[in-house]
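There are 2 protein chains.
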Amino acid sequence: MTPRSAPTATPKAGDPAPRMRAEDRRELVLRAATRVFGERGYHGATTDAIAKAAGVSQPYVVRMFDGKEALFLEVLGRALERVSASFRQAIAELPPGASPLDRAHCIGAAYGELLSDRGLLLSLMHAFVAGADPEIGAAARSGFLQIYRLLRDEAGLSPDEVTGFLAEGMLLNTLVGLRMGLEVDDDPAAAELVQHVAPTKHALLVQLAKARTV
Amino acid sequence: MTPRSAPTATPKAGDPAPRMRAEDRRELVLRAATRVFGERGYHGATTDAIAKAAGVSQPYVVRMFDGKEALFLEVLGRALERVSASFRQAIAELPPGASPLDRAHCIGAAYGELLSDRGLLLSLMHAFVAGADPEIGAAARSGFLQIYRLLRDEAGLSPDEVTGFLAEGMLLNTLVGLRMGLEVDDDPAAAELVQHVAPTKHALLVQLAKARTV
DNA sequence: CCAGCTTGTAATCATTCGATTACCTCATAG
DNA sequence: CTATGAGGTAATCGAATGATTACAAGCTGG
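Residue numbers (the numbering used here), protein chains in the order written: chain A, 9 to 222; chain B, 9 to 222.
Printed below as a string of structure tokens:
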């Protein structure tokens, strides 16, 4: 019955407090929020669930980010930032004479890596269907267009190539959101679908689908 | 200035009651629910908003469908049904010797028509990112796979053709969800994007984006 | 040591929302 | 007429949730 310790991992409930610099704590909460928003969407996620996932109290989450909406906007901004950075890095590492198709393929690989950051792409998807919300919708549109321009101008893809790329990405995101990986063992059509959308990411999609967030 | 009638449209508030057969009322509520769920998602939509949109009282909505979740599942089922029916009709009307690309194009046109049913495709999208929910997720996965099989088996498309078709559809849905039509007047990139994703639906996307639900 | 800022929590509040209950009011059959 | 059942609402409830307030416990420089 050792009532002490367990300081590193899964944060204990109610207990006093592990101390930390505000900036680090902020990062921790943002990561937790990304996961929870990704799982349940903006309205479905509660500040309490986020707080529990981050191992802090609910009021702290609310005060630290000045409310739930501001927190979501911060999560959205971070997610867009990470996608942009990932694309830019892939572009910088492209071989000099790569064809548009090669370029799209390499950037797509970079996008695939983002899948492992649970919640990131799903938080984006939730923002993308929230266009009716004044604040979130505006931020989401702006972010989406920023990605579009990046692909067109910095990656040098034609508008048709960009839309083709984005379309594939949206389908991939949808499969993740659906947890389609849960069906691949039972339904041959699901296995075939996943195989054709993400040939190299089959296992990851299954793993993500089966993961539980807190 | 005929002050009478207008029985079909905007229902009055609080007032006694327009009478109707339960089955018709059910249809009315389902349509309203489709719009509201499409606008705000499952968690964001309230039974009260749906009731107001349908011109009935909130308890009636809840009792008629045995709760909000059952109502959403019904909306989801109807939406999938309509998509399937629309695709099947397009397939039936195909010229005999149509190439896979032609077939996909015709079915895509049918899909485009569904855009005018405000909320239908958006309710689907919201279901597609709700895979973490036990009930909704299962229904959404099943529905998505049903569409996949329809396109593969009844439309005779190859798995790659199907995924290409679905990818385009998901991007189109995302643009609708984003209300990207709001930006086409201010941002050339938005105009270009919409133009390349839905050349023939440009005006409709703008109109949908500016529409207000209730 | 202790003043003061930072990091955090417990307690609690006001709203909102889905659900329940009890009731009202038309239609129509006998 | 009136009994009966279907269509529909007003009133209200309990739980959940985002926010606020007040307070506790560490660090750190003088």
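By construction, the Cβ of each residue, glycine as well, lies at the ideal position given by its N, Cα and C atoms.
Small disclaimer: the values here were computed from a predicted structure and weren't measured.
Query, Result
"Proximal residues of chain A, C-beta to C-beta of glutamate 200 of chain B below 7 Å", "Pro167"
"DSSP state of glutamate 89 of chain B mapped onto helix, strand, coil", "helix"
"Residue of B:Ser150, B:Ala93, B:Asn181, B:Ala106 minimising C-alpha distance to glycine 46 of chain B", "B:Asn181"
"Residues of its chain near leucine 88 of chain B, where Cβ-Cβ distance is below 8 Å and the 5 sequence neighbours each way are ignored", "Leu132, Gly151, Gln154, Ile155"
"Beta-carbon gap between valine 205 of chain A and leucine 186 of chain A smaller than 8 Å", "no"
"CA nearest to the CA of leucine 165 of chain B, picked from A:Leu201, A:Arg149, A:Val64", "A:Leu201"
"Meets three-Cβ-pair contact criterion under 8 Å: the region 123–141 of chain A and the region 34–50 of chain A", "yes"
"For leucine 38 of chain A and valine 184 of chain B, the rounded distance between their alpha carbons", "28 Å"
"Residues, ordered as in the chain, of the region 123–142 of chain A that lie near chain B by beta-carbon distance below 9 Å", "Leu130, Met133, His134, Ala135, Phe136, Val137, Ala138, Gly139, Ala140, Asp141"
"Cutoff 8 Å: glycine 185 of chain B Cβ touching any chain A Cβ", "yes"
"is_contact[tyrosine 119 of chain B, chain A] using C-beta, thresh 8 Å", "no"
"Neighbourhood of glutamine 215 of chain B by C-beta distance below 8 Å, restricted to the same chain and skipping five residues each side", "Gly189"
"Buried or exposed by the 16-neighbour rule on C-beta atoms within 10 Å, applied to lysine 218 of chain A", "exposed"
"Contact check, leucine 123 of chain A vs serine 94 of chain A, beta carbons under 8 Å", "no"
"Option in A:Ala62, A:Gly52, A:Leu174 with minimal Cα separation from aspartate 32 of chain A", "A:Ala62"
"Neighbourhood of methionine 28 of chain A by C-beta, 7 Å cutoff - its chain only, sequence neighbours within 5 removed", "none"
"Positions along the region 28–52 of chain B whose CB lies within less than 8 Å of some CB in chain A", "Glu47, Arg48, Gly49, Tyr50, His51, Gly52"
"Cβ of glutamate 162 of chain A within 8 Å of any chain B Cβ", "no"
"Between the CA atoms of arginine 86 of chain A and valine 69 of chain A - distance to the nearest angstrom", "17 Å"
"Local Cβ density within 10 Å of glycine 75 of chain B, reported as buried at 16 or more and exposed below that", "exposed"
"Where serine 117 of chain B falls, given that 16 or more other Cβ within 10 Å makes a residue buried", "With the sequence shown as reference, residue 117 of chain B is identified as alanine, and serine is not the correct amino acid for it. Under this definition alanine 117 of chain B is an exposed residue."
"CB contact below 8 Å: alanine 14 of chain B versus chain A", "Bear in mind that the predicted position of alanine 14 of chain B carries a pLDDT of just 33, short of 50, making it unreliable; the figure below should be weighed with that in mind. By this cut-off, alanine 14 of chain B is not an interface position."
"Per-residue DSSP class, three states only, for glycine 139 of chain A", "coil"
"Methionine 28 of chain B (DSSP reduced to helix, strand or coil)", "coil"
"Local Cβ density within 10 Å of alanine 78 of chain A, reported as buried at 16 or more and exposed below that", "exposed"
"Under 9 Å from the C-beta of valine 205 of chain B: neighbouring residues of chain A", "Thr171, Leu174, Ala175"
"Short CB-CB distance (under 8 Å) between alanine 87 of chain B and chain A", "no"
"CA-to-CA distance, histidine 51 of chain A to alanine 198 of chain B, given in whole angstroms", "27 Å"
"Cutoff 8 Å: leucine 190 of chain A Cβ touching any chain B Cβ", "yes"
"Buried or exposed by the 16-neighbour rule on C-beta atoms within 10 Å, applied to threonine 7 of chain B", "Residue 7 of chain B lies beyond the range of chain B shown here (9 to 222); nothing can be said about it."
"Beta carbon of glycine 49 of chain A nearer than 8 Å to that of valine 137 of chain B", "yes"
"Where glycine 105 of chain B falls, given that 16 or more other Cβ within 10 Å makes a residue buried", "exposed"
"Selected residue, minimal CA-CA separation from valine 223 of chain B, among B:Arg111, B:Leu102, B:Met72, B:Tyr119", "Since the first residue of chain B shown is 9 and the last is 222, residue 223 of chain B is not available in this structure."
"Contact belief for alanine 59 of chain A with serine 65 of chain A at Cβ below 8 Å, rounded distance in angstroms", "6 Å"
"Beta-carbon contacts of aspartate 193 of chain A that lie in its chain and below 6 Å, excluding the five residues immediately before and after", "none"
"Cα-Cα separation between proline 142 of chain B and leucine 81 of chain B, rounded to whole angstroms", "12 Å"
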